[in-house]
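Residue numbering for the sequence shown follows the working numbering, starting at 3 and increasing by one per position.
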Amino acid sequence: MKYKQLVMLEKIFGSKARVKILTLFSLNYNEEFYLREIARIVKLNVNSVRRELNNLEEFGFLSSEKRDRLKYYVINKDFLLCEEIANIFIKSEANGEIIKSKLNNIDEIETAFIYGNSLFSNVHENVDLLLIGNVEEEIIIKELNKVEKKISRKINFNILSQKELNQKIKEEDIFISGVLNNSKKFIIGESSDLILE
Numbered sequence: 003m004k005y006k007q008l009v010m011l012e013k014i015f016g017s018k019a020r021v022k023i024l025t026l027f028s029l030n031y032n033e034e035f036y037l038r039e040i041a042r043i044v045k046l047n048v049n050s051v052r053r054e055l056n057n058l059e060e061f062g063f064l065s066s067e068k069r070d071r072l073k074y075y076v077i078n079k080d081f082l083l084c085e086e087i088a089n090i091f092i093k094s095e096a097n098g099e100i101i102k103s104k105l106n107n108i109d110e111i112e113t114a115f116i117y118g119n120s121l122f123s124n125v126h127e128n129v130d131l132l133l134i135g136n137v138e139e140e141i142i143i144k145e146l147n148k149v150e151k152k153i154s155r156k157i158n159f160n161i162l163s164q165k166e167l168n169q170k171i172k173e174e175d176i177f178i179s180g181v182l183n184n185s186k187k188f189i190i191g192e193s194s195d196l197i198l199e
C-alpha cells in the first residue's frame, strides 16, 4: 500500500493498526484468524491487535467464535457495510499485493512480477504476470482464478524455470528482453534474483 493511501486510510479509520487488520481481513474475505496469528501477520504487538479486534467486533465488522481454546475472528457477513468497507481496502491495495497474498505460500515460485502496460492501465485492463520457478500451471490457475474474481481483471501469466529464463536471456529473446528492460512491480523476490546462475 502506498504511503499516501495508508495515511488517508489512517485518518478515516483511526489508526495504523486498525488499517492493517482491516486490510488483512478484506484481502482474505472468507478466512478466519486468531489473535496471535493476526499479530504475527500484521507485525504488531498482541495488545494493540486485541484492542482493535475488540473495537471492530463491537463496531460489527468482525464476529468471533471460540474453538479449541482459541478465539477466531472473521468478517461478519451480516454487517450492513461489510462489503463496502472491504472493497475500500481491496482497491487501496495494489493488484500486486492481492496476487501476492495468494501466491506467497507457493514455495516453488522463486520470483514473480507484474510488467508492461498493466502497471499503468486502468482497473479494467488485463494484468500481465511473469512467474519464475518450477511450479505446476494448474496450481497457479487455481489461485489466480480467485484473484481475478476479487479484482475483476483477467490475469495473463507466463511460467519459466530459472534455467529457461537464463537460456532466453542468453538467446536475447525479444519477449524476455522487452520485459526485463522495462518497468516491473515485484511481488515475490526482487530484480537481483533474475541474474544468470
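A virtual CB, placed ideally from N, CA and C, is assigned to each residue, including glycine. None of these values were measured; they are calculated from a predicted model.
How long is the line joining the alpha carbons of residue i and residue j, rounded to whole angstroms?
i	j	result
Glu166	Ile90	39 Å
Asp195	Leu46	29 Å
Phe35	Phe81	18 Å
Glu192	Asp109	15 Å
Tyr75	Leu64	6 Å
Phe15	Glu138	40 Å
Ser17	Tyr31	21 Å
Asn78	Val48	22 Å
Ile111	Ile40	24 Å
Arg52	Asp70	18 Å
Ile157	Glu60	38 Å
Asn160	Asn106	17 Å
Glu174	Asn56	56 Å
Taking buried to mean at least 16 other C-beta atoms within 10 Å of its own C-beta, is residue i buried or exposed?
i	result
Glu54	buried
Ser210	The chain is shown only over 3 to 199; residue 210 falls outside these bounds and no answer can be derived.
Lys22	buried
Gly62	exposed
Ile143	exposed
Ile176	exposed
Ile141	exposed
Does the beta-carbon distance from residue i to residue j come in below 9 Å?
i	j	result
Leu162	Leu131	no
Ala1	Ile43	Not covered by the structure: residue 1. The range shown for the chain is 3 to 199.
Ser50	Ala88	no
Lys73	Leu37	yes
Lys104	Leu146	yes
Gln164	Gly135	yes
By alpha-carbon positions, which one of the options ends up nearest to residue i?
i	options	result
Asn128	Tyr117, Asn136, Glu138 and Val137	Tyr117
Ser28	Glu85, Glu173 and Ile108	Glu85
Leu83	Glu174, Leu58, Asn107 and Phe159	Leu58
Glu33	Asn56, Ser66, Phe159 and Lys187	Ser66
Run the proximity test for residue i: is its beta-carbon closer than 8 Å to any non-hydrogen atom belonging to the ligand SAH?
i	result
Lys152	Within the structure as shown, the ligand SAH is missing, as the structure has no ligands at all.
At least three beta-carbon pairs within less than 8 Å, the segment 151-163 to the segment 95-112: Contact annotation: the segment 151-163 touches the segment 95-112, with at least three C-beta pairs closer than 8 Å.
Contact between the segment 169-185 and the segment 138-150 (3+ Cβ pairs under 8 Å): As far as the Cβ criterion goes, the segment 169-185 does not touch the segment 138-150, which means the pair count is below three.
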